[in-house]
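The block underneath contains the structure these notes are about, expressed in structure tokens.
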Amino acid sequence: MNKKADIKRIERISKALGDPYRIKIVEAIRREQDWTQCTVLLEMLDLAQSTVSHHIKQLVDADLLIAEKEGRNAKYKLNREVFAEYINYLSVFTL
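In this text, residue positions in the sequence shown follow the UniProt record's numbering: the first is 1, and each later residue adds one.
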């Protein structure tokens with residue numbers, strides 16, 4: 001991947017993680033051993049379904065969440081590989 005694309009990806013991830021509700025979603029999914037159902041997130045956040053969907057879409061678009069449809073429902077899990085790459089990128093600033 002070229003440097004410009006890498007920076008765009010870092011920017012997209014940073015923006016996706018720049019919202020407190022998205023951080024709560026990531027934390028809730030991280031605590032689960034397996035997939036997390038969308039309904040669990042809806043109950044946890046006490047937000048409108050469309051608002052929760054918007055936040056989840058931002059996380060999925062940034063490749064931070066892996067989404068899978070199960071009938072009419074959706075379930076999610078962390079994309080640990082992308083999180084690891086992001087953390088690795090940020091680690092250069094601690095030196």
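We put the CB at the ideal spot given by N, CA and C, even for glycine.
- Taking 8 Å as the cut-off, the Cβ atoms of LEU59 and ILE87 do not count as close.
- By the Cβ rule, the stretch 58–76 counts as touching the stretch 8–28, because three or more pairs are nearer than 8 Å.
- Rounded to whole angstroms, the gap between the alpha carbons of LYS8 and ASN73 is 31 Å.
- Bounds of the alpha helix (DSSP H) holding LEU42 are 38–45.
- Assignment of ALA67 by DSSP, reduced to helix, strand and coil, places it in the strand class.
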